[in-house]
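Working notes, structure below.
Chains as they are written, first to last, in my numbering: chain A, 1472 to 1797; chain B, 10 to 363.
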């Protein structure tokens, strides 16, 4: 049995499941919107003999020890419980803390167990660290952008002095904030007016701006890189004639073949970081260099799969089936 | 610039016709006509340097060639790279994969097929059918439609189209209710109605025409053209209209298409999985446009979902042909309504073959 942890609205999960069905594989999908109750965890004679969960809203019972492959796509197993009513308010608060800690440790145990099951990903992949990835990539000889985290303006000015232009981006996942009258997306953005920076501020990441020729999006799965390039003619130093071109804004995404040595380094990196799969961002620069930007181990892959006709959803399904039988 | 390599974006495909060619823009879902001379240049010089391209033409021709390059660049069909970067750009994977043996189906609802519908639906779902049309020649009640749709409630079917015969009980209101309970119904066509009307929000069309008139096999027209990656790749090896299609007629017989005489057993006695084992059933699936007379010289051949039934030639000949002439003649690149149109003549076609 294959277990998939995901979210209700995730289309990629639907498509992988379509392939699993096609191959007549049994699977269970649990979404973060589902309510899960822990019925039994049993440890005896040096092994876990049962982890029984009840998905109450669908009245579905699963014993995780029968799971032969696991795909952590996104979301979580949402364990719900009730606090006793009609008790002293302060006691209730303490009890709330205790039950939360108890729940946390049980869920941690469950996720640690699932981490040992063959398959793709675990919930801890979601808690990745971009700085650690950058360092590991750099250790393997991949080029990475010069990076500085600082909380004061002088350091930014000094850093910029060494680089032609600098950008900033979130160290974690970046902000997505929506209200009716305010929308904020956490993009990588260019630092244009450093004079406007306050003398000191919350520690922020700055990187040298890279003069890109192509953005590269790579879906990595168990040793194979499925690469794509986002090609904008505007980034090409090309002139056919002296007319002005009025080009459309949308870029084209086309299949790309990374040089073998870059693929080998990315493979090493993913193995070192213990990721079976992930989305990797690189840049191919105007100086003809490949620069590593970041990895998202639980990344989307539809935007690589579809334009490049890679059928990645099928590859993921086949990988899960293989994992379930080995 | 002369040492730059000319590259065609892999989602832009040149399809050569007899008189002119078309560039299919698979990601942007559009196409443009280009002269055959330009199509030839793209084929010959893709992956080669701009210098080599230009030097292959006389100085008299150079302005035309530059104009061509300008056109291709302006429409974002081409890009350039250096010689040491050519290997970065592999060809687009040509594979066409579909989950399942059957992708689309038309079931005629009748007193014979309605009692068998649960079995038909189960078999279609097992074979991966995603797109379903339910068609009723005679009046069915709302309850009958509702019952039938209930069998599809939890099925992984993407869309259901209903074609129903008018009766006073079938109104926009009652049909809207039906759609609300079965959200996968994407359209309803009511034939033989007292008056024609269209309810846009729920896509409910009432038509005074009878069913025969509405479903009469249509000749290819620009409205049946679709430029997309899936159709393009499917059409390379399959007949996009018949591939992975199965129909059940009023009498309950499995068929390739409802307008065809050939049947492959009765639903009550033959399982779909056995129909699929029968190689004769899949014969039309493989009638790809590249093997059909005239179509193989047509620049629209990988965007045209052609509902006509191809006829296999005699044993001593390979390939297929259609009875009757298309509304488009690729040998003169004209549609029937255009001035100077001539139907496709046999002599012209034979001339092409030589």
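Don't be surprised by glycine CBs; every beta carbon is placed ideally from N, CA and C.
**Request:** List the DSSP bridge partners of residue 273/B.
**Result:** Residue 273/B is not bridged to any residue.
**Request:** Take the Cβ of residue 1741/A as the centre, count every other Cβ of all protein chains shown within 10 Å, and call the residue buried at 16 or more, exposed below.
**Result:** Within a 10 Å sphere around the beta-carbon of residue 1741/A sit 16 or more other beta-carbons, which makes this residue buried.
**Prompt:** What is the residue span of the alpha helix (DSSP H) that residue 1733/A lies within?
**Reply:** First-last of the alpha helix (DSSP H) with residue 1733/A: 1731-1744.
**Item:** Straight-line Cα distance separating residue 1502/A from residue 1533/A
**Value:** If you take the alpha carbons of residue 1533/A and residue 1502/A, they lie about 14 Å apart.
**Request:** Kindly list, in the order they appear in chain B, the residues whose Cβ is closer than 9 Å to that of residue 1727/A.
**Result:** Within 9 Å Cβ-Cβ: 97, 98 and 99.
**Request:** Could you say which of 334/B, 10/B and 342/B lies nearest to residue 61/B if we only look at CA atoms?
**Result:** If we check each option's Cα against that of residue 61/B, 10/B comes out closest.
**Prompt:** Taking just the CA atoms, how far does residue 1584/A sit from residue 1531/A?
**Reply:** So the alpha carbons of these two residues sit roughly 20 Å apart.
**Asked** Quick one: Cα of residue 65/B to Cα of residue 1613/A, how far?
**Response** The C-alpha of residue 65/B lies about 42 Å from the C-alpha of residue 1613/A.
**Asked** Quick one: Cα of residue 1808/A to Cα of residue 1594/A, how far?
**Response** Since the first and last residues shown for chain A are 1472 and 1797, residue 1808/A lies out of range.
**Asked** Skipping 5 residues on each side, what residues in its chain have a beta carbon closer than 8 Å to that of residue 131/B?
**Response** In the same chain as residue 131/B, and ignoring 5 residues on each side of it, the C-beta atoms closer than 8 Å to its own belong to 160, in chain order.
**Request:** Please list, in chain order, all residues of the same chain as residue 1525/A whose beta carbon is under 6 Å from its beta carbon, the five residues on each side excluded.
**Result:** When the five nearest sequence neighbours on each side are left out, the beta carbons in the same chain lying within less than 6 Å of the beta carbon of residue 1525/A are those of 1508, 1510 and 1532, in order along the chain.
**Message:** On the CB-based measure, 16 or more other CB atoms within 10 Å of its CB, does residue 1787/A come out buried or exposed?
**Reply:** By the beta-carbon neighbour count (other beta carbons within 10 angstroms, threshold 16), residue 1787/A is buried.
**Prompt:** For residue 118/B, which beta-bridge partners are listed by DSSP?
**Reply:** Here residue 118/B is bridged, per DSSP, to 145/B.
**Request:** Return the bridge partner residues of residue 1694/A from the DSSP annotation.
**Result:** Secondary-structure assignment with DSSP links residue 1694/A through no beta bridge to anything.
**Message:** Which residue wins for smallest C-alpha separation from residue 1685/A, given the options 1544/A, 1762/A, 1609/A and 1505/A?
**Reply:** Closest option to residue 1685/A, Cα to Cα, is 1762/A.
**Asked** Per DSSP, what kind of secondary structure is residue 228/B in: helix, strand or coil?
**Response** Coil at residue 228/B, not helix or strand.
**Within-9 Å CB hit, residue 1732/A to chain B** = It does not; no Cβ of chain B falls within 9 Å.
**Message:** Please classify residue 264/B as buried or exposed, where buried requires at least 16 other C-beta atoms within 10 Å of its C-beta.
**Reply:** Residue 264/B is classed as buried because its beta carbon has at least 16 other beta carbons within 10 Å across all chains shown.
**Message:** Please identify the residue among 1555/A, 1790/A, 1483/A and 1541/A whose C-alpha is closest to the C-alpha of residue 1692/A.
**Reply:** When each option's Cα is compared against that of residue 1692/A, the closest is 1790/A.
**Request:** Could you work out which residues of chain A lie near residue 20/B, taking near to mean beta carbons separated by less than 7 Å?
**Result:** Residues of chain A passing the Cβ test: 1723, 1725 and 1778.
**Residue from 1552/A, 1625/A and 1687/A with nearest C-alpha to residue 1570/A** = Minimum Cα distance to residue 1570/A is reached at 1552/A.
**contact_flag[the stretch 337-355 of chain B, the stretch 14-30 of chain B] where n(CB pairs < 8 Å) is 3 or more** = Yes, the stretch 337-355 of chain B is in contact with the stretch 14-30 of chain B.
**Asked** Does the beta-carbon of residue 1673/A have 16 or more other beta-carbons within 10 angstroms, so that it is buried, or is it exposed?
**Response** The residue in question, residue 1673/A, is exposed, as its Cβ has fewer than 16 Cβ neighbours within 10 Å.
**Message:** Could you compute how far the alpha carbon of residue 1690/A sits from the alpha carbon of residue 13/B?
**Reply:** Residue 1690/A and residue 13/B: Cα-Cα distance of roughly 29 Å.
**Prompt:** Which same chain residues, not among the five before or five after residue 36/B, have their C-beta less than 7 Å away from its C-beta?
**Reply:** Hits under 7 Å: 20.
**Request:** Taking only beta-carbon positions, decide if residue 356/B is within less than 9 Å of chain A.
**Result:** Annotation note: pLDDT 45 at residue 356/B (below 50); position unreliable, coordinate value reported separately. Not closer than 9 Å to any Cβ of chain A, the Cβ of residue 356/B fails to qualify, so no.
**Asked** Taking any Cβ of chain B, which residues in the stretch 1764-1795 of chain A have a Cβ under 9 Å from it, in chain order?
**Response** Hits within the stretch, in order: 1777, 1778, 1779, 1780, 1781, 1782 and 1785.
**Message:** Please confirm whether residue 1568/A has its beta-carbon closer than 9 Å to some beta-carbon of chain B.
**Reply:** Taking Cβ atoms only, chain B never reaches closer than 9 Å to residue 1568/A, which makes this a no.
**Prompt:** Taking the C-alpha atoms as reference points, what is the distance between residue 80/B and residue 1780/A?
**Reply:** C-alpha of residue 80/B to C-alpha of residue 1780/A: approximately 27 Å in a straight line.
**Message:** Let me make sure I understand the geometry here. Which of 296/B, 117/B, 277/B and 320/B has the alpha-carbon closest to that of residue 310/B?
**Reply:** The shortest C-alpha separation from residue 310/B is found at 296/B.
**Prompt:** What is the DSSP secondary structure of residue 413/B, counted as helix, strand or coil?
**Reply:** Residue numbering for chain B in the displayed model covers 10 to 363; residue 413/B lies beyond these limits and cannot be assessed.
**Request:** Note down, one range per segment and in chain order, each beta strand (DSSP E) of at least 3 residues found wholly within the stretch 164-220 of chain B.
**Result:** Runs found: 168-174, 194-200, 206-208 and 213-215.
**Request:** Ignore the nearest five residues each way along the sequence and tell me which others in residue 1792/A's own chain have a CB closer than 8 Å to its CB.
**Result:** Exclusion of the five residues before and after residue 1792/A leaves 1473, 1491, 1494, 1496 and 1540 as the residues of its chain whose Cβ lies within less than 8 Å of its Cβ.
**Item:** Three or more C-beta pairs below 8 Å linking the stretch 1664-1678 of chain A and the stretch 1644-1656 of chain A
**Value:** Contact fails: fewer than three Cβ-Cβ distances are below 8 Å.
**Request:** Please determine, among 1546/A, 1731/A and 1520/A, the residue with the shortest C-alpha to C-alpha distance to residue 1506/A.
**Result:** A check of alpha carbon separations from residue 1506/A across 1546/A, 1731/A and 1520/A identifies 1546/A as the nearest.
**Message:** Between residue 270/B and chain A, is any beta-carbon pair separated by less than 9 Å?
**Reply:** With a threshold of 9 Å between beta carbons, residue 270/B makes no contact with chain A.
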